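Last residue of the sequence shown? That's 205 in full-length UniProt numbering, and every number before it is there in order.
Glycine included, each C-beta is placed from N, C-alpha and C at the ideal position.
Being a predicted model, the structure only gives us computed values, none of them experimental.
In what follows, a single structure is set out as structure tokens and then discussed.
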Amino acid sequence: MSSPHKLTSSEIAAQLRQMQEQLLAAQEEERMEAERARKVAEEKARREAEEQKRRQEKEAAKKKWRIEEVKHAKVAQKKLEEAEKRRQEELAEARRGKAREVVPSKRVMEDISDPSDPPYQEESTDDDSGRDEEPKAPKHKKRKGNNAQPIASTSSARPPCARTSRTRFPAIIAGNLKFTVPGMIESSPTPSSEKPRCRWTSAKG
1 MSSPHKLTSS EIAAQLRQMQ EQLLAAQEEE RMEAERARKV AEEKARREAE EQKRRQEKEA
61 AKKKWRIEEV KHAKVAQKKL EEAEKRRQEE LAEARRGKAR EVVPSKRVME DISDPSDPPY
121 QEESTDDDSG RDEEPKAPKH KKRKGNNAQP IASTSSARPP CARTSRTRFP AIIAGNLKFT
181 VPGMIESSPT PSSEKPRCRW TSAKG
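See the structure below:
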């Protein structure tokens, strides 16, 4: 039986160096792996921080935009309220202007719309005893017989002249139109001490 081979000192030293190199290589690999893990963790943390910052900036911008939107909405609402207030004031002013216009009475409008109505004489409270009446035109009648001659009638050919400028049919001003009674031409206004005058137009104009 052969005896086992005894290692020389040089072989033992070589094996020791090899074992040391393997240990150093394993340690280096472990260190590099730890470095890679650290870098990955740092990159992940950096990305998360950047994402968080972007989210915060986005939320801040959205909040600022909402504040500006509310401010603009308030300004627009105020402008609308002012415009509505001005419109209401203009409508109120227009209504006041229309209320100041002269509006014809119901009786006068009926007289103007229907000329065939009998003349309406309003009782005057003024003293007309001292005023002269306008002479009445005679109405002719025919006599019976061969030599029939027209005779003057005591009846009036037209109704007495009424004081239309102040009592019966006052002139109505509506814009540029002036309404009077059909068949009568209104004279210019006269003082209270002077008798009013009027002219009657014939049927033929």
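Segment limits, alpha helix (DSSP H) that includes residue i
{"i": "L91", "result": "S9 to R100"}
Environment of residue i [buried if 16+ CB atoms lie within 10 Å]
{"i": "S155", "result": "Confidence in S155 is poor, its pLDDT being 49 and thus under 50, which makes the residue's placement unreliable; the coordinate value appears in the next sentence. S155 comes out exposed."}
{"i": "I173", "result": "Residue placement at I173 cannot be trusted, given a pLDDT of 48 that sits under 50; the coordinates are not used to answer."}
Contact with chain C by residue i, beta-carbon distance below 8 Å
{"i": "R36", "result": "Looking at the structure shown, chain C is missing, and only one protein chain is on hand."}
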